[in-house]
Each structure stands twice: as structure tokens, then as C-alpha cells.
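In C-alpha cells:
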């Protein structure tokens, strides 16, 4: 039942199917801030992609990684709005759990950035060639755990890991809004992979 050769175009088929679905408004939005939460996630992703493009174009900024820290902070507000702006208690519980994990991520990310800036006297030099993971292996392990938590991957997917949470913050979303939420979530995994390779291996390879 897979679309295309070995299911290679299955993702595109799912994408088109979600776009074609009709939104059923049998639930009540607490306010239009729920849509604003999706907008915040999209804007955060676009800003991250723009910064990534600047780096690949050799347009260096000494504060590039600090920009990412600010962007990821706003990303947490977007998820918080998604859960708070629906009447479902499952969404509310999920957004609270995700908010706690985001705070943990930002604290560790900030500590790693401070170490990065201390060792290399800047936050965006593309000429780094040292292997930072050999200097701070504990920091690298902490970074991996936090990445799994921030991207809501098993076993640290706080928004959906418990059976009583159903589908987490997306329990009342469908069609385009549901597509936007998950597209941004998977796209941010790309950005996190690039940041990890940049910080710990001094390379822009993903």
C-alpha cells in the first residue's frame, strides 16, 4: 500500500492528503491565538533557515548562535500558545510539559554557547577546526539528550509520551494547521543537526 517505488513519494502523498482534508470545527478555539501559535513556529523556522543560508553564503556574524538561542526561545512560546488556546485539557497538559523541557533545553544550550564563546572568542567563526567533542564529552552527551527532548523524540517526547495525553498539543488540530505544526517540527530537526555539527565538529556538514 505504499505510494511510489519503495514508498519514496509516500511523504508527498500524505502532504497532499492533509491539504485536501476539510477542517471540521466541531471544537472551540479559545481564541485566534491558536493560529498565531502556528505563525510563530513558521516565523522561527524561516529565521533559522535565513541564518543557515547566511552561513553557507560565507556571510559570517559573530553572534549567529546567539540568534538561534533567541529564535528557539520564541519557538517555545509558539508551542505554548497551541496548547493553551484550545479547550482540551490534554493540549494544556502537553504544552506545560513541553514548556518545562524547553526551559531545560535553553539552559543547557546557553551553557554550551558560553563554553563555545570562551574557547573560540566568538559565536559564529566558520573557521573552527578543533574537535570540541574531545574537549567536553560530557557536554556533548548532554547536548544529545537535550536535542531528543527539544525535538519531541522518543523516549523524551513529553507532549505525547503518556497514554492519557492522546496526541498532545495537536489533539484538536487538523488539515493545514496540523500540517504546519509537524512540518516545522521536522524542519527544525535539520537546523538542530547543523548546529550540532557546527559546534562540536567545527563543520557545516549535517
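Numbering (full-length UniProt numbering), first residue to last: 1 to 206.
Ideal Cβ positions, reconstructed from N, Cα and C, are used throughout, including at glycine.
Please read these numbers as outputs of a predicted model, since none were measured by experiment.
Continuous alpha helix (DSSP H) stretch holding residue i: start and end
i, result
"residue 172", "No alpha helix (DSSP H) contains residue 172, which DSSP labels as neither H nor E."
Per-residue burial, residue i [other beta carbons within 10 Å of its own, 16 or more giving buried]
i, result
"residue 186", "exposed"
"residue 97", "buried"
"residue 143", "buried"
"residue 74", "exposed"
"residue 65", "buried"
"residue 199", "buried"
"residue 154", "exposed"
"residue 78", "buried"
For residue i, the three-state DSSP class (helix, strand or coil)
i, result
"residue 83", "helix"
"residue 152", "coil"
"residue 157", "coil"
"residue 194", "helix"
"residue 32", "coil"
"residue 88", "coil"
Between the segment 173 to 181 and the segment 36 to 55, do three or more beta carbon pairs fall short of 8 Å?
-> yes
Decide if the segment 41 to 48 is in contact with the segment 88 to 95; the criterion is three or more beta carbon pairs, one per stretch, under 8 Å apart.
-> no
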